[in-house]
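If you count by my numbering, then the sequence shown holds residues 48 to 286, one letter each, in order.
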Amino acid sequence: MNTTAPAGVTSGAERSRPDLRVYTFADLVTFADLPSLSRAVHDCRRCPLGASRTHAVPGVGPADARILIVGEAPGQNEDLQGEPFVGAAGKLLDQLLRGIGLSRADVFITNILKCRPPGNRDPQPDEVEACSPFLEDQLRLIRPEVVLVLGRHALARLLPGQDSITRVHGRVISRDGVSYIPVYHPAAALYNSFLMKPLEQDFQAVRAHLDRMAARRAVEATAQPVAAARPEEQLTLFG
Ligand code: URA
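Below is the structure:
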């Protein structure tokens with residue numbers, strides 16, 4: 048009998064010793080760029096979803112996107128097409144982005160799980176853990192200024208220990224120089240129509256934050272030439 052857990056998947060023994068974490072080869076690998084990360088996602092067998100998926104869904108968008116959007120996991124349409132947010136939730140996401148003057152060309156979109164859980168069930172902790180190195184490396188390679196955290200599963204993965212999504216949605220949470228903004232998941236708003244208005248307001252909060260960041264950048268850009276001129280001024284004073 049094979050008692051070894053697949054790479055990246057917590058075994059029974061590890062679960063009974065939460066203080067222990069076994070590092071696998073994949074934990075130590077960092078990718079040189081997004082295409083090599085994407086190839087590794089397509090080859091991935093770190094958890095059982097690798098066997099049940101039709102296509103892996105690494106994510107799409109410009110490698111230098113200022114905004115990273117992180118959803119939960121591919122659904123049926125995403126699994127068939129290999130792209131994130133191409134179903135009904137994706138259409139709503141496009142509409143929300145348009146509403147704040149953005150399009151897919153401005154954002155990189157991915158999920159905490161890169162493969163579809165059967166029947167769209169919730170991601171399991173072992174699957175989230177196995178998929179984590181990919182998301183961590185996407186954050187490292189893309190270096191977004193803003194991360195839109197879609198829904199409670201992405202919130203638990205990206206901002207562990209935070210209050211529930213109902214409490215923190217629409218707020219800006221700074222971590223390591225990155226602005227994380229949790230918002231309701233578009234699929235949740237399609238399911239519960241009373242969440243639609245708060246979701247639209249969350250996106251307005253995103254717009255307001257982007258505007259504040261742009262204003263700050265403009266101030267910094269005008270301040271820099273003055274600061275750069277100072278050493279020369281000093282030379283003419285004392286030279
Ligand atoms: N829901 C998600 O969280 N991700 C997708 O890619 C599609 C639907």
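Even for Gly, the Cβ is constructed at its ideal location relative to N, Cα and C. In this text, all values refer to a predicted model and were calculated from it rather than measured experimentally.
Check: Cβ neighbours of Leu-149 in the same chain (closer than 7 Å, five flanking residues each side left out); Outcome: none
Check: Distance between Ala-261 and Thr-269 (C-alpha atoms, nearest Å); Outcome: 13 Å
Check: Same chain, Cβ closer than 6 Å to Asn-167, five either side skipped, listed in chain order; Outcome: Gly-122
Check: At least 3 beta-carbon pairs within less than 8 Å: the segment 145 to 159 vs the segment 209 to 218; Outcome: no
Check: Cβ-heavy atom distance, Ala-234 to the ligand URA, below 8 Å; Outcome: yes
Check: Closest by C-alpha distance to Gly-137, when choosing among Pro-82, Gly-106 and Gln-271; Outcome: Gly-106
Check: Cβ neighbours of Pro-233 in the same chain (closer than 6 Å, five flanking residues each side left out); Outcome: Ala-136, Leu-139 and Leu-140
Check: Beta carbon of Gln-142 nearer than 9 Å to that of His-102; Outcome: no
Check: Close-in-space but distant-in-sequence residues of the same chain around Val-225 (CB under 7 Å, 5 per side omitted); Outcome: Pro-191, Glu-192 and Val-194
Check: Runs of beta strand (DSSP E) lying entirely within the segment 141 to 179, each at least 3 residues, in chain order; Outcome: 154 to 158
Check: Close beta carbons around Val-196, own chain, < 8 Å, minus the five adjacent residues each side; Outcome: Val-117, Leu-202, Leu-205, Leu-206, Tyr-227, Ile-228, Pro-229 and Val-230
Check: Sequence-distant residues of the same chain with beta carbon closer than 8 Å to Phe-78, five excluded per side; Outcome: Leu-84, Ala-87, Asp-184 and Leu-188
Check: For Arg-68, three-class secondary structure by DSSP; Outcome: Residue confidence is low: Arg-68 scores 48 on pLDDT, short of 50, so the model does not pin down where it sits. Its coordinate-derived value is still stated next. In the structure shown, Arg-68 sits in coil (DSSP, three-state: anything other than H, G, I, E or B).
Check: Which listed residue (Phe-241, His-200 and Pro-82) has its alpha carbon closest to that of Gln-171; Outcome: His-200
Check: Identity of the residues DSSP links to Arg-222 by a beta bridge; Outcome: Val-225
Check: Near the ligand URA: Val-194 beta-carbon under 8 Å from a heavy atom; Outcome: no
Check: Burial state of Arg-68, where buried means 16 or more other Cβ atoms lie within 10 Å; Outcome: A caution first: Arg-68 carries a pLDDT of 48, below 50, which makes its placement in the model too unreliable to give a value.
Check: beta-carbon Asn-158 near the ligand URA non-hydrogen atom, thresh 8 Å; Outcome: yes
Check: Whether Arg-163 touches Leu-237 by CB criterion (9 Å); Outcome: no
Check: Chain-order list of residues whose beta-carbon lies under 7 Å from that of Asp-249 (same chain, five-residue window excluded); Outcome: His-216, Gly-217, Val-230 and Tyr-231
Check: Same chain, Cβ closer than 6 Å to Cys-91, neighbours up to 5 away in sequence not counted; Outcome: Gly-97
Check: Residue environment, Glu-267, which counts as buried when at least 16 other CB atoms sit within 10 Å; Outcome: exposed
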